[in-house]
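S.K.: Here it is: the structure, laid out below.
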Amino acid sequence: MPLEKITEPAEARTKRHYEDACAAAHALDLVGERWALLVMRELMLGPKRFSDLRESLPGISANVLTQRLESLEAAGVLLKRRLPPPAASQVYELTEWGYESEPIFQALGRWAARSPSHNPALPFSAASFFLSLRTMLDAERAKDVAGRIGFCLGEETFLAHLADGKIEIARGSIEEADLVLTGTPPVLAGAIYGGQPLEVLEQAGVLQVEGDRALAKTFTGLFPLPAKASLT
């Protein structure tokens, strides 16, 4: 049976389309525009308001953010809804299919972390930091470590559950945490990826450690970075 030729209406095609049947090319049609993937990244830990997205992506303009949200919604990657009172504000969140993209971010993160030109000193958001933890956790190192680690980043709190070589992280109360780390994403990344001693960061007044200090020391050693790629 001959294959039926499926065509798209001319008005639906745009100059950014690759006109290529490859699924990877179609993925770039959907999320290949500048800022699109980073908008998705910021929603990986749950819904956000427009103002929250702008705050976590300081380089994006309101106009461009609006365009990306509209195109991602049209593609079925995210949706918008209004929270019930008393919040009564509009938020954006990934669809179930949108959340399925997390392995893409993990693969890109592992690959790009090996780049000799990667600059970890640049600013990054809370969502970026927590996605990096889910990406870089060494399951073998973590297999015998269990605990609830709370993170306090300004007004936001997150709780991580570590067990059986896996880590789950979500926004929420940290009252039941065995350990609470308070600081900014760059400071926490310095302790976890940069090898900066917790005591030094505490003495500098940029990090606060409360609770199980043995767990804190173990936890910061569970996320080894991959070796840099050789360019020769």
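Take 155 as the starting number for the sequence shown in our numbering and just add one per residue. We treat Cβ as the ideally placed atom computed from N, Cα and C, and that holds for glycine.
Just to confirm my understanding: we take residue 317, look at its own chain, exclude 5 residues before and 5 after, and list those with CB closer than 7 Å. What are they?
M.R.: 300
S.K.: For a test of the three-state rule: what should DSSP assign to residue 288, helix, strand or coil?
M.R.: Residue 288: helix per DSSP, three-state reduction.
S.K.: Using CA coordinates, which residue listed in 349, 332, 216 is at the minimum distance from residue 363?
M.R.: 332
S.K.: Please list the segments of the alpha helix (DSSP H) lying wholly inside the region 351-385, counting only runs of 4 or more residues, in order along the chain.
M.R.: 352-357, 367-373
S.K.: According to DSSP, is residue 294 helix, strand or coil?
M.R.: helix
S.K.: How about residue 321 and residue 291: do their beta carbons lie closer than 8 Å?
M.R.: yes
S.K.: At what residues does the beta strand (DSSP E) containing residue 245 begin and finish?
M.R.: 244-248
S.K.: Check residue 261 in the structure and name its three-state DSSP category.
M.R.: It is helical.
S.K.: Do you know how far the Cα of residue 221 is from the Cα of residue 308?
M.R.: Approximately 29 Å between the Cα atoms of the pair.
S.K.: Would a check of beta-carbon distances place residue 374 closer than 8 Å to chain B?
M.R.: Given the protein chain composition of this structure (a single chain), no chain B is represented.
S.K.: Under 8 Å: do the region 336-343 and the region 357-375 share three or more Cβ pairs, one atom per stretch?
M.R.: Verdict: yes, contact present.
S.K.: By the three-class DSSP mapping on this structure, what secondary structure does residue 232 have?
M.R.: strand
S.K.: Who are the Cβ neighbours of residue 171 in its own chain at under 7 Å, not counting the five residues just before and after it?
M.R.: So the qualifying residues of the chain are 183.
S.K.: I'd like to know if the region 179-194 and the region 216-233 are in contact, where contact means that at least 3 CB-CB pairs between them fall below 8 Å.
M.R.: yes
S.K.: Please report the straight-line C-alpha distance between residue 352 and residue 237, rounded to a whole angstrom.
M.R.: 39 Å
S.K.: Quick check on the burial criterion: 16 or more other C-beta atoms within 10 angstroms. Buried or exposed for residue 280?
M.R.: Buried is the call here.
S.K.: For residue 321, name the three-state secondary structure that DSSP assigns.
M.R.: strand
S.K.: Determine the direct distance from the alpha carbon of residue 243 to that of residue 295, and round the result to whole angstroms.
M.R.: 42 Å
S.K.: How many Å lie between residue 204 and residue 223 at the Cα?
M.R.: 9 Å
S.K.: Please name the residue, chosen from 277, 328, 267, 326, that lies closest to residue 384 on a Cα-to-Cα basis.
M.R.: 267
S.K.: Which parts of the region 180-231 are runs of the alpha helix (DSSP H), unbroken and 4 residues or longer, counting only runs that do not cross its ends?
M.R.: 190-196, 204-210, 216-228
S.K.: Which residue comes first and which comes last in the beta strand (DSSP E) that contains residue 299?
M.R.: Segment: none, residue 299 is in no beta strand (DSSP E) and carries neither H nor E.
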